[in-house]
Amino acid sequence: MSRINASIDIARPPEEVFAYITDPSHLPDWQESAVKVTPRRGTPGTVGSQVAITRHMGKRDFDMTMQVMELDPPRSWHIHGVDGPVRGDVQGSIEPLDQGTRSRLTLSLDFEGHGIGKALVPLVVKPRARKEIPRDEEHLKGILEAGATG
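If you count by the numbering used here, then the sequence shown holds residues 60 to 209, one letter each, in order.
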């Protein structure tokens, strides 16, 4: 299966969208499956930093550690899973619209499975993510357009 890509336009400047979305403490606020975020290594939201994310899927909670691989404020970022049976790979970009008063957010997501994760990724994880990402983006848009910032 290919990467999951989704875009949404948000009536906020790129700098505000970037600051909010790259702050891992906000994940449970806008992502349906994110339950908790715990810093693991480094200053959260900096290259090389790691956070443990607890996600609720089905009847269970799963922990995974994500590491910030790249940051190019306010344009793009890349985070990658470093442990667990399912490791996400998320790339995000923000394109300025209307002289920078609005933004187009694009998320690109893929997964690698390890052990039991090899079966879970195509059967459970990717189908669920394909459904969740557009809802997450709409939720994020609502939060940001209501005035929340980094």
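Using N, Cα and C, we set each Cβ at its ideal position, and we do this for glycine too.
When rounded, the separation of the alpha-carbon atoms in Ser61 and Ser167 is 10 angstroms. In this structure, Lys190 and Phe170 do not form a Cβ contact; the two beta carbons are roughly 14 angstroms apart against a cut-off of 8 angstroms.
Counting every other CB atom within 10 Å of its CB across the protein chains shown gives Ala205 a total below 16, marking it as exposed.
The count of Cβ pairs closer than 8 angstroms, one atom from the region 80-99 and one from the region 109-116, reaches three, so the stretches are in contact. Per the coordinates, the alpha-carbon of Ile202 lies some 8 angstroms from the alpha-carbon of Trp89. Excluding residues up to 5 positions away in sequence, Pro144 lie with their Cβ nearer than 8 angstroms to the Cβ of Gly174 in the same chain. Judged by beta-carbon spacing, Arg187 lies beyond the 8 angstroms limit of Met123, meaning their Cβ atoms are not closer than that value.
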